[in-house]
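Engineer:
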Amino acid sequence: MSVPMKPPGAVMWMLLVFCCASVPAVAKGGGEYGGGGSVERAASGGAGAGTASAVDPAAAGGTGPGGANAGAAAAKDPEGYRGELSVEEAVKAALANSVEIDLEKLNLRRSAAAVGEAQAAARPSVILQTSGSAMSNPQEGVMIRKGAFGYSPTVQSAAPVALPDRDYVLVEDAEPTYFKVTATLTQPLFTWGKLTEALRAAELDLDIAGEEYQQKEKLVDRQTCLAYFGVLVAETTAALLAQAASVAGEIMSDRENALEEGVVTRQAVLEAAVTKASLTAELARAREAGATARLTLGRLTGTSPGDAVLTSVYRDMPMSAAEPDLLTAALMSSSERAVLLHRINQARALLDIEKVSRPFLPDLSLHLSVDLTGQKVPFVSANWTDSWDTNVILTLGTQTTLFDSGASKSRIAQAQASLETAVQALKGLELTIEIRVRTLIEAVRNAWADLARVAAALESVEELKRNAAVSFENELITRAELEGSELALLAAQVEHEFALFGYESSLIELETFIGKTVVTRG
2 MSVPMKPPGA
12 VMWMLLVFCC
22 ASVPAVAKGG
32 GEYGGGGSVE
42 RAASGGAGAG
52 TASAVDPAAA
62 GGTGPGGANA
72 GAAAAKDPEG
82 YRGELSVEEA
92 VKAALANSVE
102 IDLEKLNLRR
112 SAAAVGEAQA
122 AARPSVILQT
132 SGSAMSNPQE
142 GVMIRKGAFG
152 YSPTVQSAAP
162 VALPDRDYVL
172 VEDAEPTYFK
182 VTATLTQPLF
192 TWGKLTEALR
202 AAELDLDIAG
212 EEYQQKEKLV
222 DRQTCLAYFG
232 VLVAETTAAL
242 LAQAASVAGE
252 IMSDRENALE
262 EGVVTRQAVL
272 EAAVTKASLT
282 AELARAREAG
292 ATARLTLGRL
302 TGTSPGDAVL
312 TSVYRDMPMS
322 AAEPDLLTAA
332 LMSSSERAVL
342 LHRINQARAL
352 LDIEKVSRPF
362 LPDLSLHLSV
372 DLTGQKVPFV
382 SANWTDSWDT
392 NVILTLGTQT
402 TLFDSGASKS
412 RIAQAQASLE
422 TAVQALKGLE
432 LTIEIRVRTL
442 IEAVRNAWAD
452 LARVAAALES
462 VEELKRNAAV
472 SFENELITRA
482 ELEGSELALL
492 AAQVEHEFAL
502 FGYESSLIEL
512 ETFIGKTVVT
522 RG
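According to the numbering used here, the stretch in the sequence shown is residues 2 to 523, in order.
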């Protein structure tokens, strides 16, 4: 007789391994668990805020029940964390461990520094310039030397007297050195709003960096949840398949004995052997998938989970949220949509800057310069202060472009095109979000319907197994039929486990996309 067994199949295991192994291999070691998930985990409180501070996003750390203690225990045990681990604790550890999130934090810091730079552009600035020069041939001075006008005899002296009787220095030789110190204070007074719009554009860049940070948190949350439940489904089904392979071995052994007694044909033995081999192969795939999922979970969380007991369970409640509410949540929480909105405002700011940068729109600024010049080396030469002078210059000036060959007009056209492109991209994204939400809702509802079908089938097979056990005790059926019912029950349990995983995975995908929990975890 044939055994009613439907193994999961290689395709299911390939899909499971893909879900668990497709996360980026970027993780850092250990560290305290902080940061906050973007997807709401209402039942656990494990998700924190997104960016608590634009300058220091690490300050946004969220805490969940027991999460910090479990995470710290995992970090201190490099050989493997062997305690209990919930999915909320795993997500918290992954958020603290992610190198990608660390990169987004650095991007936030860079954007915050750019805002500071834009603010400083409207404030006074002071530039100090110093120079020292040395001349190889300095200008000679003017001197009347002794006797330059000849000699004149005198009554008192037998020798003639020189005229003049000594050297007279009229102009000293020029110093071979020249020094200059200039301090210039500049304060923009009127720039037609260019500095204000530049600051606005920098602040929008900071907002964009914050949205990208939250988007990365969502992705890490999703990857960790899929890896967590990938471990759960692989190891649970591996245990069921091990039992099924054992039962299949007993069936094959019974048929071999029956063949020796001439009760069955060799074909029946070969059929049992095929069933056993198929189950053994599926068991090997399940164990490999479990090892991959364990490794992925460890790399994401920065620990080696080892023999950690996974305490979270699948959700088996139907989704009750209305589709319009889910679409609204998706639109409001979409980081891509928020980034495009910021891009639109940024494009408007840049367009305004280009408009006021046209010719014949002068900028007005104030300049105050203090010049110190001298020739003698300070503090070294004698009477060096006599060669130094101070000069204060106050300047109120303007700067404008008179003719730029149409460059400003071209820049305005480019800025206008960038603005229109961002507006059109927003319209396309909102349409895509609506379709995506509909697709994810369809997947969740289909997965729930499939889970309900499989659960009903499992209940039916469980009843058949109980009836078979009673019938076998009363010698109404053979041992082979009892073993066949055991095998059918194990197959139904494996299928039910995959259905639970499929429903959980569809919920994770939907919740990641819309940014909120739709089915509370019990």
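Even glycine gets a Cβ: it sits at the ideal position worked out from N, Cα and C.
Leaving out the 5 sequence neighbours to the left and right, which residues in its chain are closer than 8 Å to Arg223 when beta-carbon positions are compared?
Structural biologist: The residue labelled residue 223 in the question sits at position 222 within the sequence shown. Taken in chain order, the residues that qualify are Val40, Ile509, Glu510, Thr513.
Engineer: Nearest to Gly250 by CA position, among Val445, Gly303, Glu487, is which residue?
Structural biologist: As a working note, residue 250 is residue 249 in the sequence shown. When each option's Cα is compared against that of Gly250, the closest is Glu487.
Engineer: What are the boundary residues of the alpha helix (DSSP H) that includes Gly117?
Structural biologist: As a first step, residue 117 is located in the sequence shown; it is residue number 116 there, counting from the start. Here the alpha helix (DSSP H) through Gly117 covers 100 to 121.
Engineer: In angstroms with no decimal places, state the Cα-to-Cα distance between Pro125 and Lys147.
Structural biologist: For this step, residue 125 is matched to residue 124 along the sequence shown. For this step, residue 147 is matched to residue 146 along the sequence shown. Approximately 59 Å, taken between the alpha carbons.
Engineer: Nearest CA to the CA of Glu401: which residue from Val357, Glu257, Ile413, Thr374?
Structural biologist: As a first step, residue 401 must be located in the sequence shown, where it is residue number 400. Residue 401 is actually Thr in this sequence, not Glu. Per the Cα distances, Val357.
Engineer: In angstroms with no decimal places, state the Cα-to-Cα distance between Leu373 and Ser335.
Structural biologist: As a position in the sequence shown, residue 373 is number 372, starting the count at 1. As a position in the sequence shown, residue 335 is number 334, starting the count at 1. Going by the C-alpha atoms only, they are around 59 Å apart.
Engineer: Would you tell me roughly how many angstroms separate the C-alpha atoms of Glu283 and Ile252, rounded to the nearest one?
Structural biologist: Walking along the sequence shown from the start, residue 283 turns up at place 282. Walking along the sequence shown from the start, residue 252 turns up at place 251. Their backbone Cα atoms lie some 18 Å apart in a straight line.
Engineer: Could you name the residues that DSSP lists as bridge partners for Pro189?
Structural biologist: By 1-based counting over the sequence shown, the position of residue 189 is 188. Ser366, per the DSSP bridge assignment.
Engineer: Excluding the five sequence neighbours on either side, which residues of its own chain have a C-beta within less than 8 Å of the C-beta of Leu207, listed in chain order?
Structural biologist: Numbered from its first residue, the sequence shown carries residue 207 at position 206. Within the same chain, Leu207 has close Cβ partners Ala55, Leu109, Ser112, Ala113, Ala115, Val116.
Engineer: Express the C-alpha separation of Phe230 and Leu311 in angstroms, rounding to a whole number.
Structural biologist: As a first step, residue 311 is located in the sequence shown; it is residue number 310 there, counting from the start. As a first step, residue 230 is located in the sequence shown; it is residue number 229 there, counting from the start. The straight-line gap from Cα to Cα measures roughly 9 Å.
Engineer: Give me the Cα-Cα distance between Val471 and Ala492, rounded to the nearest whole angstrom.
Structural biologist: As a position in the sequence shown, residue 471 is number 470, starting the count at 1. As a position in the sequence shown, residue 492 is number 491, starting the count at 1. Their backbone Cα atoms lie some 21 Å apart in a straight line.
Engineer: Between which residues of its own chain and Ile478 is the CB-CB distance below 7 Å, once the five residues before and five after are set aside?
Structural biologist: By one-based count along the sequence shown, residue 478 stands at place 477. Ala469, Ser472, listed in sequence order.
Engineer: Here's the rule I'm using: 16 or more other beta-carbon atoms within 10 Å means buried, otherwise exposed. How should Ile264 be labelled?
Structural biologist: Reading the sequence shown from its first residue, position 263 is the one you call residue 264. Rather than Ile, the amino acid found at residue 264 in this sequence is Val. Label assigned to Val264: exposed.
Engineer: Around the Cβ of Ala160, are there at least 16 other Cβ atoms within 10 angstroms (buried) or fewer (exposed)?
Structural biologist: For this step, residue 160 is matched to residue 159 along the sequence shown. Exposed.
Engineer: Have a look at the DSSP bridge pairing and note the partners of Gln400.
Structural biologist: Within the sequence shown, residue 400 is the residue found at index 399, counting from 1. Answer is Asp364, bridged to Gln400.
Engineer: So what's Leu511 in DSSP terms, helix, strand or just coil?
Structural biologist: Along the sequence shown, read from residue 1 onward, the residue named residue 511 stands at position 510. Helix, per DSSP.
Engineer: So if DSSP puts Ile128 in a beta bridge, which residue, or which two residues, is it bridged to?
Structural biologist: Your numbering for residue 128 matches position 127 in the sequence shown. Answer is Thr185.
Engineer: What is the rounded straight-line gap between the Cα of Ala273 and the Cα of Arg439?
Structural biologist: Your numbering for residue 273 matches position 272 in the sequence shown. Your numbering for residue 439 matches position 438 in the sequence shown. Using only the alpha carbons, I get a separation of about 45 Å.
Engineer: Would you mind working out which of Glu463, Glu85, Arg286, Thr302 sits nearest Ser99, comparing C-alpha positions?
Structural biologist: The residue labelled residue 99 in the question sits at position 98 within the sequence shown. With distances taken between Cα atoms, Ser99 lies closest to Thr302.
Engineer: State the Cα-Cα distance for the pair Ser313 and Gln415, rounded to the nearest angstrom.
Structural biologist: By one-based count along the sequence shown, residue 313 stands at place 312. By one-based count along the sequence shown, residue 415 stands at place 414. Using only the alpha carbons, I get a separation of about 53 Å.
Engineer: Could you spell out where the alpha helix (DSSP H) holding Ser388 opens and where it closes?
Structural biologist: Here residue 388 corresponds to residue number 387 of the sequence shown, with the count starting at 1. Ser388 -> no alpha helix (DSSP H), and no H or E assigned at all.
Engineer: Within the same chain, show all residues whose beta-carbon is closer than 6 Å to that of Thr391, passing over the 5 residues directly before and after it, in chain order.
Structural biologist: Locating residue 391 in the sequence shown gives position 390, where the first residue counts as 1. Same-chain partners within the cutoff: Leu373.
Engineer: Does DSSP put Tyr214 in a helix, in a strand, or in coil?
Structural biologist: Taking the first residue of the sequence shown as 1, we reach residue 214 at position 213. Tyr214 falls in the helix class under three-state DSSP.
Engineer: Would you give the residue range spanned by the alpha helix (DSSP H) that Glu267 belongs to?
Structural biologist: In the sequence shown, counting from the first residue as 1, residue 267 sits at position 266. In the sequence on display, residue 267 carries Arg and not Glu. Arg267 -> alpha helix (DSSP H) spans 267 to 302.
Engineer: If you draw a straight line from the alpha carbon of Pro553 to that of Tyr179, how long is it in whole angstroms?
Structural biologist: The chain is shown only over 2 to 523; residue 553 falls outside these bounds and no answer can be derived.
Engineer: Straight-line CA distance for Val162 to Gln376?
Structural biologist: Along the sequence shown, one-based indexing puts residue 162 at 161. Along the sequence shown, one-based indexing puts residue 376 at 375. Val162 and Gln376: Cα-Cα distance of roughly 38 Å.
Engineer: Could you check the C-alpha separation between Leu241 and Glu261 for me, to the nearest Å?
Structural biologist: The residue labelled residue 241 in the question sits at position 240 within the sequence shown. The residue labelled residue 261 in the question sits at position 260 within the sequence shown. Each residue's Cα considered, the two are about 31 Å apart.
Engineer: For my contact list, Ala122 and Ala210 are in at a C-beta cut-off of 8 Å; report their separation, rounded to the angstrom.
Structural biologist: As a working note, residue 122 is residue 121 in the sequence shown. As a working note, residue 210 is residue 209 in the sequence shown. Not confirmed; about 20 Å, so no contact.
Engineer: Return the chain-ordered list of same chain residues with a C-beta closer than 8 Å to the C-beta of Thr197, the five sequence neighbours on each side being excluded.
Structural biologist: Mapped onto the sequence shown, residue 197 falls at position 196. The residues are Ala123.
Engineer: Going by Cα to Cα distance, which pick from Ala350, Thr399, Pro360 is closest to Ser366?
Structural biologist: Within the sequence shown, the letter at position 365 stands for residue 366. Closest by alpha carbon: Thr399.
Engineer: My output table needs one value for Ala135: the three-state DSSP class, helix, strand or coil.
Structural biologist: Counting from 1 along the sequence shown, the entry for residue 135 is found at position 134. Three-state result, Ala135: strand.
Engineer: Buried or exposed for Asp353, please, with buried defined as at least 16 other CB atoms from any protein chain shown within 10 angstroms of its CB.
Structural biologist: Taking the sequence shown and counting its residues from 1, the one referred to as residue 353 is at position 352. The residue is buried, with at least 16 neighbouring Cβ atoms inside 10 Å.
Engineer: Per DSSP, Ser153 is paired with what?
Structural biologist: Counting from one through the sequence shown, the residue named residue 153 turns up at place 152. Val162.
Engineer: Indicate whether at least one CB of chain C lies closer than 8 Å to the CB of Ser461.
Structural biologist: Although the question refers to chain C, the structure presented lacks it and comprises just one protein chain.
Engineer: With DSSP as the reference, identify every bridge partner of Thr374, one or two as the case may be.
Structural biologist: Numbered from 1 along the sequence shown, position 373 holds the residue referred to as residue 374. The partner list for Thr374 (beta bridge, DSSP) reads Lys181, Asp390.
Engineer: Residues bridged to Tyr229 by DSSP?
Structural biologist: If you number the sequence shown from 1, residue 229 lands on position 228. None; Tyr229 has no bridge partner.
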